[in-house]
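S.K.:
2 protein chains.
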Amino acid sequence: MKIAIDAMGGDHAPQSNVDGALAAAREWKDTEVILVGDQAKIDPLLKNRPSNLTVRHAGEVIEAEDEPVRAVRRKKDASMVVAGRMVREGEADAMISAGNTGALMTTGLLIVGRVGGIERPALAPMIPTLDGKGVLALDLGANMDAKPEHLAQYALMGSLYREKVHNIAKPRVGLLNVGTEPGKGNELTKHAFPLLEELPIHFVGNVEARDVMNGVCDVLVCDGFAGNILLKSIEGTAGALFSLLKEQFSQSLKTKLAAAMMMPQLRNLKSVMDYKEHGGAPLLGLSGLVVKGHGSSDGNAIKNAVRQARTATQNRLVQSISSEISRK
Amino acid sequence: MKIAIDAMGGDHAPQSNVDGALAAAREWKDTEVILVGDQAKIDPLLKNRPSNLTVRHAGEVIEAEDEPVRAVRRKKDASMVVAGRMVREGEADAMISAGNTGALMTTGLLIVGRVGGIERPALAPMIPTLDGKGVLALDLGANMDAKPEHLAQYALMGSLYREKVHNIAKPRVGLLNVGTEPGKGNELTKHAFPLLEELPIHFVGNVEARDVMNGVCDVLVCDGFAGNILLKSIEGTAGALFSLLKEQFSQSLKTKLAAAMMMPQLRNLKSVMDYKEHGGAPLLGLSGLVVKGHGSSDGNAIKNAVRQARTATQNRLVQSISSEISRK
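See below:
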């Protein structure tokens with residue numbers, strides 16, 4: 003199994019990417035890890051390189067500020083684009099990048115290419131839940147507008163991902179909506195509902211935004227716009243409450259003392275909300291697995307993304323998606 | 003000035019509604035408060051009735067479980083419907099109800115009627131912000147799907163409401179979106195953006211869901227579906243974090259002690275998130291003001307809704323909306 007890592011993408015590249023690649027290559031001897039990027043910058047960071055770790059030189063880099071489509075089209079020798087080409091040509095089973103999200107989605111669409119029958123690949127990060135298990139939500143920003151048929155494909159792909167990668171036997175799939183009753187929603191969700199009922203998945207019906215964090219489903223289906231509003235509202239509210247809490251805790255000596263007494267518990271609280279702990283977000287519906295690591299990924303996050311990609315490849319996720327879609 | 007109160011709507015009706023009506027009539031002698039509902043149930047609760055408080059008998063009640071459109075069409079003598087008819091016929095300047103939300107929106111549309119030129123009335127509750135001032139968000143559920151022109155009308159109505167009722171000189175109007183740059187969004191928000199730029203309002207551009215609670219705008223424009231996702235995500239996340247906090251605080255004697263020390267501060271925290279404190283939600287775009295009180299409204303909440311309705315009537319909100327819309 004071969005996994006390509008974009009060595010140049012992310013806030014802490016190439017150091018964290020190299021660290022993660024080294025750790026992964028050491029842990030999984032059956033996996034060939036390929037660092038893609040500027041050899042002159044990568045080589046000095048590679049001490050005691052294991053034999054299952056190699057470097058593929060790529061001379062250009064897509065920056066965070068680059069306009070995605072133009073960058074992918076013009077920078078043909080960018081580390082991200084080269085990694086994508088390796089997946090398309092079978093030189094790698096999966097690729098990981100912590101770089102520019104838009105450019106990675108474009109790389110997926112234009113370089114890696116879609117699974118036959120899939121209209122829209124979907125970005126599927128985990129959203130935090132109170133039980134710490136998280137929910138896979140898709141689409142989260144790859145496509146702002148969606149048709150009912152797209153939501154049905156997201157449902158199928160999300161369910162397969164949870165089954166194959168997270169080993170959940172019958173993942174509960176919910177549709178993000180404004181009420182739980184079947185007739186609720188906008189034109190999109192009203193038309194998507196019957197399509198989801200027909201799929202070979204465990205569809206649990208409509209899920210309201212306020213219930214998402216209670217872990218009522220394993221997969222949450224939505225269009226990119228609604229998904230963005232959901233995720234950013236959760237982030238914003240949690241951030242706002244933590245800053246309020248901090249303010250309240252610093253009001254007096256008494257409250258500061260209380261805060262000190264509560265410190266381990268407050269850390270627990272914060273870690274529940276930290277969806278970064280759930281690893282990278284897969285970009286589903288492509289002819290090879292693409293994993294989007296957080297921009298702030300450290301070595302451990304990169305290693306975890308390799309773990310995700312390994313599990314998905316071992317369990318033939320892409321092939322399963324392809325055969326389920328063609329069966330429809 | 004005459005304000006009709008649906009005496010029978012809400013979880014604590016008619017007691018809270020009567021309490022609120024009494025308090026309002028006592029405070030504002032220039033206002034005629036009319037309680038609409040079952041006289042036999044209202045009269046025993048009316049002690050020392052001030053002369054500016056009257057009762058209009060209505061023999062039927064729309065229940066929380068009633069299907070809105072059918073209930074409004076069939077229960078012609080329901081307290082809510084009678085109050086709506088009074089507004090339409092000029093017997094009241096405004097009406098307040100804490101009853102079935104869907105039925106109240108239907109009453110607004112079918113009984114009170116729209117301002118000429120308004121395509122869709124909008125429900126506009128306040129969403130909490132960290133500075134405690136709140137943001138008026140519309141539409142929150144009256145219409146699931148919207149066209150760009152509808153969002154432009156929401157923007158105009160929301161801006162006028164904040165100016166006339168909350169006395170904000172140049173309300174900052176934002177468009178709920180997935181990014182702050184002008185080109186961002188789905189088809190709806192991309193097409194609404196230039197329309198909002200042309201309006202005689204202080205349009206501050208796109209606002210991301212995560213910034214809403216930071217109070218970056220006074221009016222937030224969105225379609226009913228996205229607005230519902232936003233509001234319920236905020237509610238859900240706050241609820242989830244409070245329950246987590248409670249759990250963490252009950253872990254040991256030490257944490258319980260810390261919790262006791264922090265109690266006043268924790269109450270502050272909770273009250274910031276309590277958007278019910280901002281009063282009732284106006285239903286804008288109707289030929290008379292309709293205010294939706296929370297189902298759980300107590301007497302004080304009903305009185306606050308009367309205050310809102312009074313201010314809006316004094317400052318000729320409905321007439322301003324009508325003339326701005328016809329000017330376009």
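From first to last, the protein sequence lines stand for chains H and G.
Using the working numbering, the letters of the first sequence correspond one by one to residues 3 to 330.
Using the working numbering, the letters of the second sequence correspond one by one to residues 3 to 330.
Here a beta-carbon is modelled for each residue, glycine too, at the ideal position from N, C-alpha and C.
Quick caveat, the model's predicted, so the values are computed rather than measured.
Here's a check: name, in chain order, each residue in its chain whose Cβ is nearer than 7 Å to the Cβ of PRO16 (chain G), leaving out the five neighbours to either side.
M.R.: ALA9, MET10, GLY39, LYS43, ILE44, LEU47
S.K.: Cβ atoms of VAL137 (chain G) and LEU178 (chain G): under 8 Å apart, would you say?
M.R.: no
S.K.: Of the residues H:LEU255, H:LEU246, H:GLN267, which one's Cα is nearest the Cα of SER254 (chain G)?
M.R.: H:GLN267
S.K.: Quick one: Cα of LEU259 (chain G) to Cα of VAL175 (chain G), how far?
M.R.: 44 Å
S.K.: Below 7 Å between beta carbons is the criterion; list the residues of the region 221-238 of chain G that meet it against any residue of chain H, in chain order.
M.R.: PHE227, ALA228, ASN230, ILE231, LEU232, LYS234, SER235, ILE236, GLU237, GLY238
S.K.: Please name the residue, chosen from G:ILE7, G:ALA6, G:ASN19, G:MET3, that lies closest to ASP300 (chain G) on a Cα-to-Cα basis.
M.R.: G:ASN19
S.K.: Look at SER162 (chain G) and LEU288 (chain G) and say whether their C-beta atoms are less than 8 Å apart.
M.R.: Reading the sequence as shown, one finds Leu at residue 162 (chain G) and not Ser. Their beta carbons are not under 8 Å apart, which means LEU162 (chain G) does not touch LEU288 (chain G) by this criterion.
S.K.: What is the DSSP secondary structure of LYS4 (chain G), reduced to helix, strand or coil?
M.R.: strand
S.K.: Distance check for ASP141 (chain H) and GLY185 (chain H), CA to CA, integer angstroms please.
M.R.: 22 Å
S.K.: Can you tell me the Cβ-Cβ gap for ASP13 (chain H) and GLY297 (chain H), rounded? I've got them flagged as a contact below 8 Å.
M.R.: 5 Å
S.K.: Does the contact criterion of 3 or more C-beta pairs under 8 Å hold for the region 206-222 of chain G versus the region 244-251 of chain G?
M.R.: Two segments are said to touch when three or more pairs of C-beta atoms, one from each, lie closer than 8 Å; by this definition the region 206-222 of chain G does not touch the region 244-251 of chain G.
S.K.: Return helix, strand or coil for SER99 (chain G), following the three-state DSSP convention.
M.R.: Note: SER99 (chain G) maps to strand in three-state DSSP.
S.K.: Report, in whole angstroms, the separation of the C-beta atoms of ALA66 (chain G) and ASN102 (chain G), which I expect to be a contact under 8 Å.
M.R.: 5 Å
S.K.: Measure from the C-beta of LEU1 (chain G) to each C-beta in chain H and report whether the shortest distance is under 8 Å.
M.R.: For chain G, the structure presents residues 3 to 330; residue 1 (chain G) sits outside this window and is missing.
S.K.: Would you kindly work out how many angstroms separate the C-alpha atoms of MET3 (chain G) and ALA311 (chain G), rounded to a whole number?
M.R.: 10 Å
S.K.: Beta carbon of ASP95 (chain G), beta carbon of THR315 (chain G): below 8 Å?
M.R.: Note that the C-beta distance between ASP95 (chain G) and THR315 (chain G) is below 8 Å.
S.K.: Classify ASN208 (chain H) as helix, strand or coil using the three-state DSSP reduction.
M.R.: Here ASN208 (chain H) carries a strand assignment [DSSP, helix/strand/coil].
S.K.: Counting only beta-carbon atoms, is ASN270 (chain G) nearer than 8 Å to chain H?
M.R.: yes
S.K.: Here's a check: name, in chain order, each residue in its chain whose Cβ is nearer than 7 Å to the Cβ of ASN116 (chain H), leaving out the five neighbours to either side.
M.R.: In the sequence under discussion, the amino acid at residue 116 (chain H) is Arg, which differs from the Asn named in the question. Same-chain partners within the cutoff: PRO123, GLY287, LEU288, SER289.
S.K.: Jot down the residue ranges of each uninterrupted beta strand (DSSP E) in the region 47-131 of chain G, minimum 3 residues, whole runs only, in chain order.
M.R.: 55-59, 96-99
S.K.: Give the DSSP bridge partners of LYS294 (chain H), in chain order.
M.R.: H:SER99, H:ALA283
S.K.: What residue range is occupied by the uninterrupted beta strand (DSSP E) comprising VAL137 (chain H)?
M.R.: From DSSP, the beta strand (DSSP E) with VAL137 (chain H) extends over 137-140.
S.K.: Residues of chain G with CB closer than 9 Å to the CB of LYS256 (chain H), please, in chain order.
M.R.: MET263, MET264
S.K.: Could you pull out every residue in the same chain whose Cβ sits closer than 7 Å to the Cβ of THR109 (chain H), ignoring the five residues on either side in sequence?
M.R.: VAL74, MET82, VAL83, GLY86
S.K.: Return the chain-ordered list of same chain residues with a C-beta closer than 6 Å to the C-beta of VAL71 (chain G), the five sequence neighbours on each side being excluded.
M.R.: THR108
S.K.: Nearest to ALA148 (chain G) by alpha carbon, out of H:VAL167, H:LEU111, H:LEU190, H:GLY119?
M.R.: Among H:VAL167, H:LEU111, H:LEU190, H:GLY119, the Cα nearest to that of ALA148 (chain G) is on H:LEU190.
S.K.: Rounded to whole angstroms, how far is the Cβ of LEU201 (chain G) from the Cβ of ALA157 (chain G), which I believe are closer than 8 Å?
M.R.: About 6 Å separates the beta carbons of LEU201 (chain G) and ALA157 (chain G), which is inside the 8 Å limit, making them a contact pair.
S.K.: Give the secondary structure of ASN19 (chain G) by DSSP, where H, G and I count as helix, E and B as strand, and everything else as coil.
M.R.: Helix at ASN19 (chain G).
S.K.: Nearest chain G C-beta to ASP300 (chain H) closer than 8 Å, yes or no?
M.R.: no
S.K.: May I ask you to report which of helix, strand or coil DSSP gives LEU201 (chain G)?
M.R.: In the structure shown, LEU201 (chain G) sits in coil (DSSP, three-state: anything other than H, G, I, E or B).
S.K.: Taking the CB atoms as reference points, tell me whether GLY160 (chain H) and GLY226 (chain H) lie closer together than 8 Å.
M.R.: Not a contact, by the Cβ cut-off of 8 Å.
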